[in-house]
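This report refers to the structure that appears directly beneath it.
Residue numbers (mature numbering (1 follows the signal peptide of the UniProt record, and there is no 0)): -18 to -1, 1 to 99.
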């Protein structure tokens, strides 16, 4: 049975490693709109404003319009993830390995999603 400093070191090391096993999904930086939108695949995602002057109402609306366009089959390509124009925005979805959706405008506004919203 270990005692003293070695035992303490082992316990601290194990607890530190256990903390690393958390959820790998990391929210993007920016303003969390606190609203979940349902994707075309039926998953809930959170909407984040990354750059520019965008209201949460607009960001959520753009993402919702994009996912409804995907449901209607309006996305080009075999995967059907975009790019799709939604007003002034161009939106595209990531792959299974890199999930998430991003929408951008030519003037630098950016919104993204985080899976598991």
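Here a beta-carbon is modelled for each residue, glycine too, at the ideal position from N, C-alpha and C.
- [ ] Using the Cα positions of residue 33 and residue 89, report the straight-line distance between them to the nearest angstrom.
- [x] The sequence position of residue 33 within the chain shown is 51, counting from 1. The sequence position of residue 89 within the chain shown is 107, counting from 1. Answer to the nearest angstrom: the Cα atoms are 10 Å apart.
- [ ] State the Cα-Cα distance for the pair residue 55 and residue 20, rounded to the nearest angstrom.
- [x] For the purposes of this step, residue 55 is taken as residue 73 along the chain shown, with counting starting at 1. For the purposes of this step, residue 20 is taken as residue 38 along the chain shown, with counting starting at 1. Going by C-alpha positions, residue 55 is about 16 Å away from residue 20.
TODO: Please go through the segment 34 to 73 and give each complete beta strand (DSSP E) segment of 3 or more residues, from N-terminal end onward.
DONE: List check, beta strand (DSSP E) in window: 66 to 68.
Open item on the list: Does residue 18 come out as helix, strand or coil in the three-state DSSP assignment?
Closed with: If you number the chain shown from 1, residue 18 lands on position 36. The answer is strand: DSSP assigns residue 18 an E or B state.
Task: Where residue -5 falls: helix, strand or coil (DSSP) - done: Here residue -5 is taken as the residue at index 14 of the chain shown, counted from 1. Model confidence at residue -5 stands at a pLDDT of 38, short of 50, so the residue's coordinates are unreliable and nothing is read from them.
- [ ] In the DSSP assignment, find the beta strand (DSSP E) that holds residue 83 and state where it starts and stops.
- [x] Along the chain shown, read from residue 1 onward, the residue named residue 83 stands at position 101. It spans 83 to 86 - the beta strand (DSSP E) in which residue 83 sits, taken as one unbroken run.
Open item on the list: Taking its Cβ as the centre, do 16 or more other Cβ atoms sit within 10 Å of residue 37, making it buried, or is it exposed?
Closed with: Counting from one through the chain shown, the residue named residue 37 turns up at place 55. Under this definition residue 37 is an exposed residue.
- [ ] Could you check which residue in 24, 18, 23 has the C-alpha nearest to that of residue 43?
- [x] Residue numbering aside, residue 43 sits at position 61 when the chain shown is read from its first letter. Closest option to residue 43, Cα to Cα, is 18.
TODO: With a 10 Å radius around its C-beta and 16 neighbouring C-beta atoms as the bar for buried, classify residue 91 as buried or exposed.
DONE: Residue mapping note: residue 91 aligns to position 109 of the chain shown, counting from 1. Per the 10 Å Cβ criterion, buried.
Open item on the list: Could you compute how far the alpha carbon of residue 31 sits from the alpha carbon of residue 16?
Closed with: Locating residue 31 in the chain shown gives position 49, where the first residue counts as 1. Locating residue 16 in the chain shown gives position 34, where the first residue counts as 1. When rounded, the separation of the alpha-carbon atoms in residue 31 and residue 16 is 11 Å.
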